[in-house]
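Worksheet for the structure shown next.
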């Protein structure tokens, strides 16, 4: 079965510092990987995706993610965190049918 | 551009009462439609998905049902709510299953 794991329930980072939110995946074949963000009491917003091509994917709001096949990881990164980046982040994989499979989510807290 | 609406935004219902949540999509045709539930502000559980009018696939056996009476309308229902039905319900649409766009959600509290 295709799945993603987010090993951290919460990540704390100071404003202006770089941030990383971790995601590892388990898929057969080539993975389709995604990051979504959810602000309080809101739906999920698409940030970025990896289908094929460059391992470094750039997305919305200055976020990027690095696909690492050897480590089966797809970590979300941002060079300089903002307080407004505080939210719940979901990694997801497309298992080839029906819908996305989401990770359990990581809460990002950026302190001023 | 495409937009997705959900209503109501919040709902408080007693145990045993019926439920109807509505989701509509504008600006596109023949979308795939999805219902997810998010409990305790965490992971998302896929409940139902639909590839066309009247075509519903259920992912988890439960107290809920879904219907798609029109191309861009997706309804989540229950005849009798349970306490465990409380949560944040999200509707999503896509043309390709891996590019999903989510609605604003409905917060359901069963008391």
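Protein chains in written order, with this note's numbering: chain U, -9 to 102; chain C, 18 to 128. Here a beta-carbon is modelled for each residue, glycine too, at the ideal position from N, C-alpha and C.
Quiz prompt | Proximity winner among 34(C), 31(C), 21(C) and 80(C), relative to residue 50(C) (alpha-carbon distances) | solution = Counted from its first residue, the second chain places residue 50(C) at position 33. Ranked by Cα distance from residue 50(C), the first of 34(C), 31(C), 21(C) and 80(C) is 21(C).
Quiz prompt | Residue from 116(C), 85(C), 124(C) and 109(C) with nearest C-alpha to residue 53(C) | solution = As a first step, residue 53(C) is located in the second chain; it is residue number 36 there, counting from the start. Among 116(C), 85(C), 124(C) and 109(C), the Cα nearest to that of residue 53(C) is on 109(C).
Self-check item: Below-7 Å beta-carbon distance, residue 34(U) vs any chain D residue
Solution: The structure shown has no chain D; the protein chains it does contain are U and C.
Exercise. Identify the contact partners of residue 92(U) in chain C, using a Cβ-Cβ distance below 7 Å as the criterion.
Key: Within the first chain, residue 92(U) is the residue found at index 102, counting from 1. Chain C residues near residue 92(U): 60 and 61.
Quiz item: Can you tell which of 59(C), 43(C), 77(C) and 103(C) has the C-alpha that lies nearest to the C-alpha of residue 87(C)?
Solution: As a position in the second chain, residue 87(C) is number 70, starting the count at 1. The option with the nearest alpha carbon to residue 87(C) is 43(C).
Exercise. Going by CA-CA distance only, name the one from 61(C), 57(C), 90(C) and 59(C) that's closest to residue 73(C).
Key: The residue you call residue 73(C) lines up with position 56 of the second chain. For residue 73(C), the closest alpha carbon among the candidates 61(C), 57(C), 90(C) and 59(C) is that of 90(C).
Quiz item: When the distance is taken between beta carbons, is residue 36(C) closer than 7 Å to residue 12(C)?
Solution: Any answer about residue 12(C) is impossible in this case: the structure gives chain C only from 18 up to 128.
Quiz prompt | Continuous beta strand (DSSP E) stretch holding residue 78(U): start and end | solution = In the first chain, the residue the question calls residue 78(U) occupies position 88. Taken as a continuous stretch (DSSP letters only), the beta strand (DSSP E) holding residue 78(U) covers 77 to 83.
Practice problem: Closer than 6 Å by C-beta to residue 52(U): which residues in its own chain qualify, once you throw out the five before and the five after it? Chain order, please. | Solution: On the first chain, position 62 is the one that residue 52(U) refers to. For residue 52(U), same chain residues with a beta-carbon under 6 Å away, outside a window of 5 residues either side, are 68 in chain order.
Quiz item: So, does the CB of residue 65(C) fall closer than 7 Å to a CB anywhere in chain U?
Solution: Here residue 65(C) is taken as the residue at index 48 of the second chain, counted from 1. Chain U, which has no Cβ nearer than 7 Å to the Cβ of residue 65(C), makes this no.
Quiz item: Is it buried or exposed for residue 128(C), if we count other Cβ within 10 angstroms and need 16 for buried?
Solution: Residue 128(C) sits at position 111 when you count from the first residue of the second chain. Residue 128(C) is exposed by the Cβ-count criterion.
Quiz item: Relative to the C-alpha of residue 9(U), which residue among 66(U), 40(U), 93(U) and 20(U) is closest?
Solution: Here the question's residue 9(U) lines up with position 19 in the first chain. Taking only the C-alpha atoms, the option nearest residue 9(U) is 66(U).
Quiz item: From residue 2(U) to residue 28(U), what distance separates their C-alpha atoms?
Solution: Numbered from its first residue, the first chain carries residue 2(U) at position 12. Numbered from its first residue, the first chain carries residue 28(U) at position 38. Answer to the nearest angstrom: the Cα atoms are 17 Å apart.
Self-check item: For residue 42(C), the three-state DSSP class (helix, strand or coil)
Solution: As a first step, residue 42(C) is located in the second chain; it is residue number 25 there, counting from the start. Residue 42(C) falls in the strand class under three-state DSSP.
Exercise. Kindly indicate which residue of 84(C), 70(C) and 75(C) has the alpha-carbon position closest to the one of residue 62(C).
Key: The sequence position of residue 62(C) within the second chain is 45, counting from 1. The candidate whose alpha carbon is nearest that of residue 62(C) is 75(C).
Exercise. On a CA-only basis, which of 15(U), 98(U), 17(U) and 6(U) is nearest residue 76(U)? Give me that one, please.
Key: Here residue 76(U) refers to the residue found at position 86 when the first chain is read from its first residue. If we check each option's Cα against that of residue 76(U), 98(U) comes out closest.
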